[in-house]
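Visitor: This structure is in structure tokens; I'll ask about it shortly.
Number of protein chains: 2
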Amino acid sequence: MEKELGISKGLNLINRSTFAMLGSNGEEGYPNIKAMYRMENNGINEIWFSTNTSSKRVCQLLNNPKACVYFADLENFEGLMLVGKIEVLQDDKSRKRLWRDGCEKYYPLGVKDPDYSVLRFTAHKGNYYHGLENVDFKL
Amino acid sequence: MEKELGISKGLNLINRSTFAMLGSNGEEGYPNIKAMYRMENNGINEIWFSTNTSSKRVCQLLNNPKACVYFADLENFEGLMLVGKIEVLQDDKSRKRLWRDGCEKYYPLGVKDPDYSVLRFTAHKGNYYHGLENVDFKL
Numbered sequence: 000m001e002k003e004l005g006i007s008k009g010l011n012l013i014n015r016s017t018f019a020m021l022g023s024n025g026e027e028g029y030p031n032i033k034a035m036y037r038m039e040n041n042g043i044n045e046i047w048f049s050t051n052t053s054s055k056r057v058c059q060l061l062n063n064p065k066a067c068v069y070f071a072d073l074e075n076f077e078g079l080m081l082v083g084k085i086e087v088l089q090d091d092k093s094r095k096r097l098w099r100d101g102c103e104k105y106y107p108l109g110v111k112d113p114d115y116s117v118l119r120f121t122a123h124k125g126n127y128y129h130g131l132e133n134v135d136f137k138l
Numbered sequence: 000m001e002k003e004l005g006i007s008k009g010l011n012l013i014n015r016s017t018f019a020m021l022g023s024n025g026e027e028g029y030p031n032i033k034a035m036y037r038m039e040n041n042g043i044n045e046i047w048f049s050t051n052t053s054s055k056r057v058c059q060l061l062n063n064p065k066a067c068v069y070f071a072d073l074e075n076f077e078g079l080m081l082v083g084k085i086e087v088l089q090d091d092k093s094r095k096r097l098w099r100d101g102c103e104k105y106y107p108l109g110v111k112d113p114d115y116s117v118l119r120f121t122a123h124k125g126n127y128y129h130g131l132e133n134v135d136f137k138l
């Protein structure tokens, strides 16, 4: 498979995914995984999530921003793994960008709730596969 | 939530899952994720997979056996993350244990195909969540 086709099919997979798997570096050198709502994306390069500032995941990412984000259509044997770094953001613009009706259930103080953080993941490489076809690419 | 209830609900989630997400330590300190068929499990402590010996994942796991295995029922906001180590096995007993009709599609030389390996993951701790309930446990 050509790199361009892999990226294009990977972007299609992102756009039809509600959830992504976030991989982080946990305690004692063990990887950790958590399912996250995919809130927004900017092409294949940037994936945005929101989360609680007080969460274990934010603490891990502040210590070590190296991460991966994985999308899968399990029935179709299709997957995209992006590798890159995560920034934990609390600026007004980023917080407003991801704020949705109903967010106050998780962040009762609203868009300025100190427990409301935004994660911006920026990929520098990836792998897309579909069945036995497989392509690595740099971004 | 009590530890025992979390483990019991986590085991129920494993038993109704066809796939698991395998987290490993990839290149340059970045975590990696791959969806894997859950072939067998021994309670919540051991999860078994099969894979190609020549795969990138096996190479990573031989270099660094630290891993995590994550099961999720995304619609129900339910998840189980197990943390532990993976052994790459090629003994006859392990390979026969996971061999299924149709495996010859992936391993044309049959159960003794050098490209057929078995992964045995053994967990030492875990986290189970359902909605806003959450419990950590040691195994």
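Chains as they are written, first to last, in numbering that gives the first Met the number 0: chain A, 0 to 138; chain B, 0 to 138. Think of the CB as a built atom: it goes at the ideal place given N, C-alpha and C, for glycine as much as any other residue.
#1: Since A/L118 meets chain B, which of its residues come closer than 8 Å, beta carbon to beta carbon?
#2: Near A/M0, what residues of its chain come up, given a Cβ to Cβ distance below 6 Å and the 5 sequence neighbours on each side ignored?
#3: Does at least one heavy atom of the ligand GDP sit under 6 Å from the Cβ of B/Y36?
#4: Among the residues of its own chain, which have a CB less than 7 Å from the CB of A/N24, if the five just before and after it don't count?
#5: For B/G125, which of helix, strand or coil comes out of DSSP?
#6: Measuring CA to CA, which of A/A122, A/T52 and A/K95 is closest to A/P113?
#7: Which value, in whole angstroms, describes the spacing of the CA atoms of B/I43 and A/M35?
#8: At a cut of 8 Å, does the region 73-88 of chain B reach the region 99-114 of chain B through at least three beta carbon pairs?
#9: Assuming A/Y106 contacts A/G9 (C-beta within less than 8 Å), just tell me the rounded distance between them.
#10: Mind listing the chain B neighbours of A/M20? Cutoff is C-beta to C-beta under 9 Å, in chain order.
#11: So, is the C-beta of B/G125 closer than 7 Å to a C-beta in chain A?
#12: Cβ of A/M80 less than 7 Å from any chain B Cβ?
#13: Please state the DSSP three-state secondary structure of A/D72.
#14: Using a beta-carbon distance cut-off of less than 8 Å, what residues from the region 85-114 of chain B approach chain A?
#15: Could you give the C-beta distance for A/Y69 and B/I32, rounded to a whole number, given that I count them as a contact under 8 Å?
#16: Please look up how many angstroms separate the CB atoms of A/V87 and A/L118, rounded, as I've assumed it's under 8 Å.
#17: Between the Cα of B/C67 and the Cα atoms of B/I46, B/S54, B/D91 and B/H129, which residue gives the shortest distance?
#18: When the cut-off is 7 Å and only beta carbons count, does A/Y128 lie next to chain B?
#19: Look up B/S53 in the DSSP assignment and say whether it is helix, strand or coil.
#20: Taking only three categories from DSSP, how would you classify B/G9?
#21: Beta-carbon within less than 6 Å of A/E39's beta-carbon, same chain only, minus the 5 sequence neighbours each way: which residues are those?
Guide: If we stick to the structure as given:
#1: Result: empty, since nearest Cβ-Cβ is about 15 Å, beyond 8 Å.
#2: E132 and V134
#3: Inclusion of the ligand GDP in the displayed structure is not the case, the ligand content being empty and no account of it being possible.
#4: P30, Q59, N63 and K65
#5: strand
#6: A/T52
#7: 23 Å
#8: no
#9: Incorrect: roughly 31 Å between the Cβ atoms, too far for contact.
#10: M20, G22, I32, A34, Y69 and A71
#11: no
#12: yes
#13: strand
#14: none
#15: 4 Å
#16: 6 Å
#17: B/I46
#18: no
#19: coil
#20: helix
#21: W47
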